[in-house]
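Here is the structure we will look at, set down as structure tokens.
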């Protein structure tokens, strides 16, 4: 089974610190690399953390705050210098293409690939990408501007054929796809062999949810229910929860509460405010609520 | 005498490397900090290298290639978060304001200071800044697009009054400014005391020249003649001088030749291509021509 990997390129909130870059992650899933948010310096982090950029064709921007997208210009520019020929698609809330247009027209004259912008609707939960066995859904968040999370989810998989049973009932090859899809088999004598006898369960569907800048929102739980890996912003510690509420961000405790409600398998914290010198308290605070939790510091990797 | 300081924030050419950030420097001169070029991540380097941003009100962009200005959006954004109230002036070739306008309109709603753009004429040597005892002149360079160097130069200074002489001739206080400016003194008896008897020479005028992306250009020598500190790009080693010629960049040897022709006191090399693993060869190559030479690596500082 292909190992899926989340790599954190930047774990800091808007104000930069010496500890971290701004938000950017790369998800390796279903044979491709997907960039999620692209804060300043993301291109340098791609290099530092050895991300294969030839497999990177899609970038998902959670919301139009600078610390989540100011790295786009530099990234596109560098990919071009590295000899890229494949197009890039940038998913974002409406407006990004329009506002980047004049800079792109100047700086990307003679670019060797196209940059497509796909705008998704604010405040909705909808499918925005479906390709290569992967689906990506938006998750409406609660922030000072329209902000979206993303759920990356394998598509429904086929059931596994039980070879010995298929041979026993002499199922013709042309019927195998029908059976993988869950269909029963009818013998020449008219006997119905139920699918459950011919197949074993499909592999479990793996999924990852990225919950970007947001106040604690229980509304999202239904969308991220049961994910294998949940990234949830935790800009603040609970001691500053008034500040979190005011700025529409979450605390580590709140992130853990959401992870618990959603029955996620693992929680990764990130988007840490520069005001905290150490991050260990984020971890201990969250673990009081949700044990399987890690810090998503710059360079951290999580398999699922 | 105030010490002037050049601090290198980014020493790399366009393609990022693990060795360096893209072009950005801060010049501390005449009581203020001046940023010269603002490649991506310059704001993080300001923090890393402890630059006092409250003294930073002016940014000079040498040319409109991304590796020299993609850091502007992030820098402005961060300065605002840090509570800045003072305006910032960005000097550049024409077009930057226009192309940044839509992004600024979105990302900088409610900015607590103004960003003024001052456009200077391409291909000219002219005074673009005159304030605080400092003048800044453009230097026309030879690159794939309009590119300018900058000369930062103290203004003409006043001569030093020789106290004992002034007392001896009973020069009235109201005449002192006239004498500092080089004027003679006429006693009540009508005797002319030449200025040279009343004053000592003014302090020498200190200057710094920043020579950004350019092919070797002897035309610039007259503009940078005698500078205390010369930064000159040296993207390539001489072994790749054909490539330098083709891309309108300089080699370390060529930078040294210009430093020698200009009779600069010290040369700093930078804008190193990522193709070279080590930078020592830049230094040895340049020193064959011009001995007082250093590598302008990220974080390096040069007093003058």
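Chains as they are written, first to last, in the working numbering: chain A, 43 to 346; chain B, 43 to 346.
For each residue, glycine too, the CB sits at the ideal point set by N, CA and C.
From A/120, A/141, A/296, A/135, residue whose alpha carbon lies closest to that of residue 154 of chain A | Here residue 154 of chain A is taken as the residue at index 112 of the first chain, counted from 1. Per the C-alpha coordinates, the member of A/120, A/141, A/296, A/135 positioned closest to residue 154 of chain A is A/120.
What are the start and end residues of each continuous beta strand (DSSP E) run of 3 or more residues lying completely inside the region 175-228 of chain A, in chain order?
-> Taken in chain order, the unbroken stretches of beta strand (DSSP E) that lie wholly in the region 175-228 of chain A and span 3 residues or more are 176-182, 190-196.
With 8 Å set as the bound, which would you pick, yes or no: does the beta-carbon of residue 135 of chain A sit closer than that to a beta-carbon of chain B?
-> Working through the first chain from its first residue, we reach residue 135 of chain A at position 93. Closer than 8 Å: no.
Given 8 Å, three or more beta-carbon pairs between the region 175-195 of chain B and the region 244-260 of chain B | The region 175-195 of chain B, when compared against the region 244-260 of chain B, does touch it at the 8 Å Cβ threshold.
Alpha carbon to alpha carbon, how far is residue 131 of chain A from residue 179 of chain A? Give it in angstroms, no decimals.
-> Taking the first chain and counting its residues from 1, one reaches residue 179 of chain A at position 137. Taking the first chain and counting its residues from 1, one reaches residue 131 of chain A at position 89. Looking at the two C-alpha atoms, the distance is approximately 16 Å.
Contacts around residue 167 of chain A, its chain only, beta-carbon distance under 7 Å, and the 5 residues preceding and following it disregarded = Taking the first chain and counting its residues from 1, the one referred to as residue 167 of chain A is at position 125. When the five nearest sequence neighbours on each side are left out, the beta carbons in the same chain lying within less than 7 Å of the beta carbon of residue 167 of chain A are those of 179, 180, 181, 182, 265, in order along the chain.
Residue closest to residue 49 of chain A, alpha-carbon to alpha-carbon, out of A/59, A/82, A/89 | If you number the first chain from 1, residue 49 of chain A lands on position 7. That would be A/89, whose Cα lies nearest to the Cα of residue 49 of chain A.
At a Cβ threshold of 8 Å, is residue 43 of chain B touching chain A?
-> Within the second chain, residue 43 of chain B is the residue found at index 1, counting from 1. For residue 43 of chain B, the answer is no, since every Cβ of chain A falls outside 8 Å of its Cβ.
Shortest alpha-carbon distance to residue 210 of chain A belongs to which of A/223, A/256, A/144, A/229?
-> Start at 1 with the first residue of the first chain, and residue 210 of chain A comes out as number 168. Of all alpha-carbon atoms in A/223, A/256, A/144, A/229, the one lying nearest the alpha-carbon of residue 210 of chain A is that of A/229.
Please go through the region 56-100 of chain A and give each complete alpha helix (DSSP H) segment of 4 or more residues, from N-terminal end onward.
-> Runs found: 84-90.
Taking the C-alpha atoms as reference points, what is the distance between residue 163 of chain B and residue 136 of chain B?
-> Here residue 163 of chain B refers to the residue found at position 121 of the second chain. Here residue 136 of chain B refers to the residue found at position 94 of the second chain. One C-alpha to the other measures close to 7 Å.
Residue 117 of chain B versus residue 86 of chain A: straight-line alpha-carbon distance, rounded | Taking the first residue of the second chain as 1, we reach residue 117 of chain B at position 75. Taking the first residue of the first chain as 1, we reach residue 86 of chain A at position 44. The alpha-carbon of residue 117 of chain B is positioned some 17 Å away from that of residue 86 of chain A.
Can you give me the Cβ contacts of residue 339 of chain B inside the same chain, cut-off strictly under 6 Å, excluding the 5 residues immediately before and after it?
-> Reading the second chain from its first residue, position 297 is the one you call residue 339 of chain B. Excluding five sequence positions before and after residue 339 of chain B, the CB atoms of its chain that fall closer than 6 Å to its own CB belong to 53, given in chain order.
When DSSP labels each residue in this structure, what does residue 263 of chain A get in the three-state scheme?
-> Position 221 of the first chain, counted from the first residue, corresponds to residue 263 of chain A. Here residue 263 of chain A sits in helix by DSSP.
Terminal residues of the continuous alpha helix (DSSP H) containing residue 105 of chain A?
-> Along the first chain, read from residue 1 onward, the residue named residue 105 of chain A stands at position 63. In the DSSP assignment, residue 105 of chain A falls outside any alpha helix (DSSP H) and carries neither an H nor an E.
Under the three-state DSSP convention, the category residue 162 of chain A falls into | Here residue 162 of chain A refers to the residue found at position 120 of the first chain. The answer is coil: DSSP assigns residue 162 of chain A none of H, G, I, E or B.
Span of the alpha helix (DSSP H) holding residue 122 of chain B?
-> Within the second chain, the letter at position 80 stands for residue 122 of chain B. For residue 122 of chain B, the enclosing alpha helix (DSSP H) begins and ends at 114-123.
Contact set between residue 119 of chain B and chain A, taken where Cβ atoms lie within less than 7 Å = Against the second chain, residue 119 of chain B aligns to sequence position 77. Within 7 Å Cβ-Cβ: 108.
Mind listing, in chain order, the continuous alpha helix (DSSP H) runs of no fewer than 4 residues lying wholly within the region 245-296 of chain B?
-> Runs of the alpha helix (DSSP H) inside the region 245-296 of chain B: 263-266, 283-289.
Grab the span of the beta strand (DSSP E) containing residue 309 of chain B for me, first residue to last.
-> Translated into positions along the second chain, residue 309 of chain B becomes position 267. According to the DSSP assignment, residue 309 of chain B belongs to the beta strand (DSSP E) that extends over 309-312.
Residue 147 of chain A (DSSP reduced to helix, strand or coil) = Looking up residue 147 of chain A in the first chain gives position 105. Reduced to three states, the DSSP call for residue 147 of chain A is helix.
Return the first residue and the last residue of the alpha helix (DSSP H) that residue 315 of chain A is part of.
-> Translated into positions along the first chain, residue 315 of chain A becomes position 273. No alpha helix (DSSP H) contains residue 315 of chain A, which DSSP labels as neither H nor E.
Residue 227 of chain A CB to nearest heavy atom of the ligand SAH below 7 Å = No copy of the ligand SAH occurs in the structure displayed, which carries no ligand at all.
Closer than 7 Å at the beta carbon, the chain A residues around residue 90 of chain B = By one-based count along the second chain, residue 90 of chain B stands at place 48. Per Cβ cutoff of 7 Å: 60.
Between the region 97-113 of chain A and the region 91-102 of chain B, are three or more C-beta pairs nearer than 8 Å?
-> Touching, no.
Give the residues of chain A in contact with residue 116 of chain B, contact being defined as C-beta atoms less than 9 Å apart.
-> The sequence position of residue 116 of chain B within the second chain is 74, counting from 1. Under the 9 Å cutoff, chain A gives 58, 64, 81, 82, 83, 108, 109, 112, 113.
Identified DSSP bridge partners for residue 172 of chain B | Locating residue 172 of chain B in the second chain gives position 130, counting from the first residue. Residue 172 of chain B pairs with B/177.
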